[in-house]
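Chains as they are written, first to last, in our numbering: chain A, 932 to 2169; chain B, 134 to 355.
Here a beta-carbon is modelled for each residue, glycine too, at the ideal position from N, C-alpha and C.
It should be emphasised that the depicted structure is a prediction, and the values quoted were computed from it without experimental measurement.
What follows is a short report on a single structure.
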Amino acid sequence: MTLTEKLRERISRAFYSHGLLCASYPIPIILFTGLCILACCYPLLKLPLPGTGPVEFSTPVKDYFPPSPDVVSQQGDPSERPDWYVGAPVAYIQQIFVKATVSPWQKNFLAVDVFRSPLSRVFQLVEEIRNHALRDSSGVRSLEEVCLQVTDLLPGLRKLRNLLPEHGCLLLSPGNFWQNDRERFNADPDIIKTIHQHEPKTLQTSATLKDLLFGLPGKYSGVNLYNRRRVVSYTVTLGLQRYDSRFLSSLRSRLKLLHPSPNCTLREDSIVHVHFKEEIGIAELIPLVTTYIILFAYIYFSTRKIDMVKSKWGLALAAVVTVLSSLLMSVGLCTLFGLTPTLNGGEIFPYLVVVIGLENVLVLTKSVVSTPVDLEVKLRIAQGLSNESWSIMKNMATELGIILIGYFTLVPAIQEFCLFAVVGLVSDFFLQMLFFTTVLSIDIRRMELADLNKRLPAEACLPPAKPASRSQRYERQPAVRPATPHTITLQPSSFRNLRLPKRLRVIYFFARTRLAQRLIMAGTVIWIGILVYTDPAGLRTYLTSQVTEQSPLGEAGLPPMPVPGGVLPAGDPKIDLSVFPSDPIQLSENQTQQREQQAGLETLTEVTWGAEDEEIWRKLSFRHWPSLFSYYNITLAKRYISILPAIPVTLYLNPQEALEVRHPQEANRYHPFLSSTGGKLSAEAQPDQTSSRLHGHRDVTLYKVAALGLASGILLVLLLFCLYRLLCPKNYGQNGLSHSRRRRGDLPCDDYGYSPPETEIVPLVLRGHLMDIECLASDGMLLVSCCLVGQIRVWDAQTGDCLTVIPKPRLRRDSSGIFDYQESWDHSPDGKNGLDDSFESSHQLKRMLSPPQPPLFCDQPDLTSLIDTNFSEQVKVAQSEPRLRAVGGRQKEAGYDFSSLVGKVYEDEEGGCGGRRRSLGDESLSGFDKSSPLPSWGGDFESSVWSLDLQGNLIVAGRSNGKLEVWDAIEGTLRSSNDESQSGITALVFLNNRIVAARLNGSLDFFSLETHTSLNHLQFRAGLSPAVPICLDVGVLGCLCSPLILSSAPRLLTSASRGPQVFRLEDSCCLFTLQGHSGAITAVYIDQTMVLASGGQDGAICLWDVLTGSKVSHMYAHRGDVTSLTCTTSCVISSGLDDVISIWDRSSGIKLYSIQQEMGCGSSLGVISDNLLVTGGQGCVSFWDIGYGDLLQTVYLGKSNESQPARQILVLENAAIVCNFGSELSLVYVPSVLEKLD
Amino acid sequence: MAENDAKPTLPKKSGPYISSVTSHGMNLVIRGIVLFFIGVFLALVLNLLQIQRNVTLFPPDVITSIFSSAWWVPPCCGTASAVIGLLYPCMDRHLGEPHKFKREWSSVMRCVAVFVGINHASAKVDFANNIQLSLTLAALSIGLWWTFDRSRSGFGLGVGIAFLATLVSQLLVYNGVYQYTSPDFLYVRSWLPCIFFAGGITMGNIGRQLAMVSVEGGLTAF
């Protein structure tokens, strides 16, 4: 034993015991695993939530110097200093915060006057700033030297070219709207329009041009027509390259000197550094989304393979949970050991999942599921685990090796990824072994329990009372899945979708996935999310403030709130000020209004500086600065800017000035400003309304858009709902009472509740048998049936006429035969054969037909007279009735079948002519073979026909008393018989001139049929145990049905309790005995491809390769016996005593789906073509598409309500089906279904 | 279990829809088209990844940046991937050794994900020097082959494709037909063969899976 093998065995043993443990104590182990996961994820709580919000850090202005680019050499308190505070910032932002008002305000002023003259002062201010220069000992320093020089705008921003500075200082002011040209401003008739012309029409999330130039949120600017405060605010924003404290302080002091702000409380002691995270743009999002799509496709294709379990979705979920929680665990563990993740989690996550993979989980499931079902759950789990242990370990070792190689690339990013992947792999293995295995064991145990609960007794083939079957049938779909563990009906929907018409398929898809509803829901949620997010007073500000508070030193930036005591009305909530510092207008408005009360006609407006003006840039969108810099192709991602304390500037303008700058057109356009005294009362009465009106132009459009969107969304929902109701009138998912079923109630339907079109075809009903029909055989032209009493009838498979009746011999002298006879005539489908017609027509026909075919009808004349007497005096012909009837039947057939068939047969078998003649000549039935003496009829009284076969026009019947008879199908004459053995013949095969009969005692007799219709017996004793029970032998003889193979290598198959045996037909030589079934064989199938299928009493199906005798696959198919088995080129179709028809993939042995049959119809199935399956039901037959498992059509046969179950279905070559409904046969042509398919 | 010892599957006969699809020429064309579009899509996405590294950080317009390279590059990639994807199963058939290793869609998806990941790494991770980049990418590519292909013919074809494609792209660049956006020329040259190799393996994997699916008559499985 090599080392590998030793290792392998040890691993396998360890896994085995581990599996036993897991399956024995599932609940404690799951709890333990859950605790482990939680414990490992605990460190994650300390991690900050990922987000793209900016982070702040503030330093005092006093002795500020830019941080050195080197991390190590930094002095100071490292704990307070964030990692990113390294090197010089991208820019220093200096804002000059201007508040201007016209004072005193006169009543006859226009609304535009509020902002026109204050805005006009910006040009002067900008000029002052631009021309400011510091003169000191080192020379003259102008703004040009310290400011941030910007270059071209990005090529896509041509339209902003005139508005944003290029090739110079980054200096932004509202004056940029007019290219910093006062003349343009004065000539501008409509300021508001100019300002808003670049506002986006729709919703926006990033900073707009107005925000950029004003330097503060639009609603604070006061540039609108409803400004009651009459204070206009704007900023002049200055980007600085270097920090020159002396220059800046000189600028500050000069501006303060020029425009003093006496009551200003702005703090000027700290610089705030804002660090921006890496942004995810759409360009980056596309690859990310692609990877996620690939990831989901991977997960989908993986979990789709989970099969043969109780709850597919449950296990798929468990698999995904395993992978995800192992990732979380790995992150948590890495954090615990001090490895903080620096990689972008969202980006590497798909790759991690792909590396860790779902494969092991699937392999485990498959391995466990493929263990024998009859084992105990514990053992199954253990066995499955240990089967796969080696491959799991090997895979894991390989992956670890690959990752190890990756680790030695020495690239930090890859190393980090590898580290995570290693921890993830190990934790994934841990979870697989403990969590998933246990979940699997629980699942399998549930399945077993469900089996036990629903298990039918093995002999439950007797049909229950009608209502019971009805109810069972009614809830068929729901009941199937729990009842039979293997009945995972029609798993992948892709199997099924192709068959329905396209229109229906689309609708079903919509209905099934509720796609429309979900899309609308998702759309609405996104819509609301966007609304909430973009609402200026809403979530965004809240988030920004939260981010600010979260930042370590952000608190320092927020000064204590100076509450203007006494001024505030009592009802004004203070909390608004602390959390939402976004409502300053109301506050100031109150102040203003109170002042206004004292003032009279001429209102004196005073500019106030409050807490709300503190660091006004905070109220800007957090994308304000990044978007500003991005216009110049400067990224702020992973970099920071330093914002210097703003310089307050207060401007008072006298009314004269305001009147001077007024544009001539404005006087006409605008009415005088709303009188403050008139509006005051209403303003105080409805403060909410006023404030909402104050929000102005932008917000009104926003709400309009929101309302419009909501309305249209609701309308869309309603519309789609109506469409949905219109298109899908059925109640999906409610398989209950409301389902519109037909009067027969129980249409089989598929998962969607789709009831296929049902049609009523009037079948040819072949009546005549008194008892239940037991055997059926056909060769396409003729159909032979035999009932319990032993009467054999030959029917024309095309027209459904009864050609011949071969009675049970006992009936010969039975008076009831008359009745039988009568019946047969009465029910003859062809009216021509009625008593009256045939009376005369037979004469004519006979004369017409007799001359051209003299040799055939050489001895007919006396017969016709007999027939005549028969027809006229029915009661008296009791003695000769059977014989005559047979002849009559034959005569009748010859009457309109034009006897081409008959003629050919006669030519072929001229040797039999003598015998026929003799038998016809005799009164009694004497057409027996010369070799066999005429048996006494007494011995046949108890005999019934157990098996039938048909070839050409010869019927071979095997009787229960061991007698083998060969009948002429057309004439109803016995050609030969053999009764050497007394053991009943249970199965027959008739091929070429060989007849193989399987007997009850287990022997297999080979006969050869000479042209003179004698049977030469070549008995071959198969080495079977003599005491084979009857039920085992019935119908276990199959053969090759294709003449092509027969000519080359005919083989024959029989079976015994120990496995199928394969014989060669030519020389009766036993080729193989196929070992593998644990019970007796109950069904076999063989075809041209030399694949043999056998089903046994144990419910198992084996596929064998007949050429080599090796087992190809082995499936556990049914509870109870496999009753019939057939194959198409791609599928194996089996039915069992459990009334389930299962369809298997032939090559892989995987179950595709199964069909629950009605009670008693379990074995009635037939394959019409390669993709059309027909199954029998209660008075109906259903057609299925084999490939996709779709129910195509259900055909009700006859209108009677007392329909019998279809016990047997025989498919004829010409697309006809013969169904055995008790004592009746139905001959159905299904051209419509076939047309659709082929 | 049963799958492993099953005989090689017989060509399934299937419904009219599929059988029309599986007629040989038609099938080939459909496969080619699918592969072509996959190739175009991957080319665009990966191009975007490279753009992020090399060109503007704030592309004024996403659409223009997607199509920023020459217009004929994505169709060329699509055609190449169609050829490769058809070549692999064809070669398998001629060599008489059908590719049996991990023939599942989930594995193919995994392969595509790893391929995108390799591209992602080459675009996003900063390497110390180009040799390191080359070595890392080569190791990753070989790992890709070992994990998802493991056939000698696949390896050979992949190497051939990588060599040929690199040669063609270099010739194009030398003749001035095409230019890299990156000023760092060596950088591009160091990852190009590895990316081509990995791409060849990936497209071959997809092509083989598509071929198998259509042989089994189950475009449904797609």
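- For a cut-off of 8 Å, the C-beta gap from V2098 (chain A) to V2142 (chain A) is around 7 Å, short enough to register as a contact.
- Going by C-alpha positions, R226 (chain B) is about 25 Å away from C2062 (chain A).
- L268 (chain B) and L1651 (chain A) have their C-alpha atoms spaced approximately 57 Å apart.
- At a cut-off of 8 Å, the C-beta of V986 (chain A) has no neighbouring C-beta in chain B.
- Counting only residues of its own chain and dropping the five nearest sequence neighbours on each side, G333 (chain B) has a CB closer than 6 Å to the CB of I217, G291 and I294.
- Nearest C-alpha to S1176 (chain A) among A:F1207, A:N1111 and A:V1077: A:V1077.
- The criterion of a C-beta distance shorter than 8 Å is not satisfied by T1222 (chain A) and Q1363 (chain A).
- DSSP, read as helix, strand or coil, puts N1585 (chain A) in coil.
- Within chain B, the C-beta atoms nearer than 9 Å to that of L1226 (chain A) come from M242 and A246, in chain order.
- The shortest CA-to-CA distance from G1721 (chain A) to any of A:A1900, A:K1208, A:A1708 and A:I1704 is the one to A:I1704.
- In the displayed model, P2136 (chain A) falls within a strand according to three-state DSSP.
- For F1145 (chain A), the uninterrupted alpha helix (DSSP H) run begins and ends at L1140 to F1145, by DSSP.
- Taken through DSSP and simplified to helix, strand or coil, N1062 (chain A) comes out as helix.
- For the pair L1567 (chain A) and P1557 (chain A), the CB atoms are nearer than the 8 Å cut-off.
- It is roughly 11 Å from the alpha-carbon of P1193 (chain A) to the alpha-carbon of E1537 (chain A).
- The beta-carbon of I1287 (chain A) is placed no less than 8 Å from the nearest beta-carbon of chain B.
- Chain-order list of chain A residues neighbouring E230 (chain B): empty, with the shortest C-beta distance near 19 Å, by a criterion of under 7 Å.
- DSSP places R1115 (chain A) outside any beta strand (DSSP E); the residue lies instead in the alpha helix (DSSP H), whose first and last residues are R1113 to A1118.
- Scanning A:F1227, A:Y1634, A:Y2084 and A:V1162 for the CA closest to the CA of T1539 (chain A) turns up A:V1162.
- Sorting A:E1347, A:F1116 and A:L1219 by C-alpha distance to the C-alpha of F1054 (chain A) places A:F1116 at the top.
- The CB of A1247 (chain A) never comes closer than 9 Å to any CB in chain B; the least such distance is about 12 Å.
- When the five nearest sequence neighbours on each side are left out, the beta carbons in the same chain lying within less than 6 Å of the beta carbon of A331 (chain B) are those of F248, I251, S274 and L277, in order along the chain.
- G2110 (chain A) sits buried, since 16 or more C-beta atoms from the chains shown fall within 10 Å of its C-beta.
- Residues are counted here when their Cβ sits less than 8 Å from a Cβ of chain B; for the stretch 2073–2101 of chain A these are R2077, S2078, S2079, G2080, I2081 and D2101, given in chain order.
- Only exposed fits P1120 (chain A), as fewer than 16 other CB atoms lie within 10 angstroms of its CB.
- With its beta carbon less than 8 Å from one in chain B, V1342 (chain A) belongs to the interface.
- Separation of S1939 (chain A) and L2103 (chain A) (C-alpha to C-alpha, rounded to the nearest whole angstrom) is 36 Å.
- For P1120 (chain A), not one C-beta of chain B is nearer than 8 Å to its own C-beta.
- Contacts with chain A at 8 Å (Cβ-Cβ) do not include A271 (chain B).
- Not flagged as an interface residue toward chain B: F1207 (chain A), since no C-beta distance is shorter than 8 Å.
- Assignment of S1908 (chain A) by DSSP, reduced to helix, strand and coil, places it in the strand class.
- Relative to the Cα of R1159 (chain A), the nearest Cα in the group A:L1310, A:A2011 and A:V1043 belongs to A:V1043.
- Within chain A, P1218, T1222, E1278 and Y1282 have C-beta atoms less than 8 Å from the C-beta of H253 (chain B), given in sequence order.
- Ranked by Cα distance from H1127 (chain A), the options A:V1154, A:I1027, A:N1326 and A:I1279 are led by A:V1154.
- A straight line joining the alpha-carbon of F1367 (chain A) with that of L1931 (chain A) spans about 52 Å.
- By the C-beta criterion, the stretch 1317–1335 of chain A is judged not to be in contact with the stretch 1232–1244 of chain A, since fewer than 3 inter-stretch pairs fall below 8 Å.
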